[in-house]
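Residue numbers (our numbering): 7 to 142.
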Amino acid sequence: MNLTHIEHIGIAVKSLDDAIPFWEKQLGMKCYSIEEVKEQKVRTAFFKIGQSKIELLESTDPEGPIGKFIEKKGEGVQHIAFAVEGLQSNLDELAGNGVQLIDKAPRKGAEGLNIAFLHPKSTAGVLMELCEDPNK
7 MNLTHIEHIG IAVKSLDDAI PFWEKQLGMK CYSIEEVKEQ KVRTAFFKIG
57 QSKIELLEST DPEGPIGKFI EKKGEGVQHI AFAVEGLQSN LDELAGNGVQ
107 LIDKAPRKGA EGLNIAFLHP KSTAGVLMEL CEDPNK
């Protein structure tokens, strides 16, 4: 594996409008980006802390992954994402080692990153995302 840092921690919320003020007013962080990722049926809000980010995730469809997560588990930490170099080669290596992948090939995610998820069955119950910046 070629991990470089924690890219972000994804937190499922019912409403960005309700959640963003806590992060800004109580923690003194600034939301620098809100975007919709239609393919994932989600709206995201990002906050930077050091080299890492917090990603708030609001479902745009109750049948989407975040809508289902909130229905089953409520609001809270949904995934941890790691920045990698060579996303596809890392996925191939993990698959070769018997790790169950949700995504066998990278797909587009928020902020223009290429992303892929590892199944929690192979990661001690933690949904993990690998992210690669295609511009680096």
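Virtual Cβ for every residue (Gly too), placed ideally from N, Cα, C. For clarity, every value in this text was computed on a predicted model and none was experimentally measured.
Per DSSP, the bridge partner or partners of residue i
| i | result |
| --- | --- |
| Asn120 | Lys114, Glu138 |
| Val43 | Val48 |
| Ala18 | Leu63, Gly82 |
| Ala130 | Bridge partners of Ala130: none, in fact. |
Proximity below 8 Å, CB of residue i to CB of residue j
| i | j | result |
| --- | --- | --- |
| Leu9 | Ala130 | no |
| Glu64 | Arg49 | yes |
| Leu62 | Asn96 | no |
| Cys37 | Ile55 | no |
Residue i, buried or exposed, once every other Cβ within 10 Å from all chains shown has been counted against 16
| i | result |
| --- | --- |
| Met134 | buried |
| Phe53 | buried |
| Gln84 | buried |
| Gln46 | buried |
Contact belief for residue i with residue j at Cβ below 8 Å, rounded distance in angstroms
| i | j | result |
| --- | --- | --- |
| Ala122 | Asp139 | Going by Cβ atoms, the distance from Ala122 to Asp139 rounds to 14 Å, so no, they are not a contact pair. |
| His11 | Lys59 | Contact flag wrong, Cβ pair sits at about 10 Å. |
| Ala87 | Glu41 | No, Ala87 and Glu41 are not in contact; Cβ-Cβ is about 15 Å, not under 8 Å. |
| Lys74 | Gln106 | Not really, about 19 Å apart at Cβ, beyond 8 Å. |
| Leu33 | Ala51 | With a Cβ gap of about 13 Å, Leu33 and Ala51 do not count as contacting. |
| Pro112 | Leu124 | Not quite, the Cβ-Cβ distance comes to about 13 Å (not below 8 Å), so this is no contact. |
Note to self: If contact is defined by three or more beta carbon pairs under 8 Å, each pair taking one atom from either stretch, is the stretch 57-77 in contact with the stretch 92-109?
What the structure shows: The answer is no - the stretch 57-77 does not touch the stretch 92-109, with fewer than three Cβ pairs under 8 Å.
Next item on the list: Could you say if the stretch 78-85 and the stretch 17-34 meet the contact criterion of at least three C-beta pairs nearer than 8 Å?
Entry: With the cut-off at 8 Å, the stretch 78-85 and the stretch 17-34 touch.
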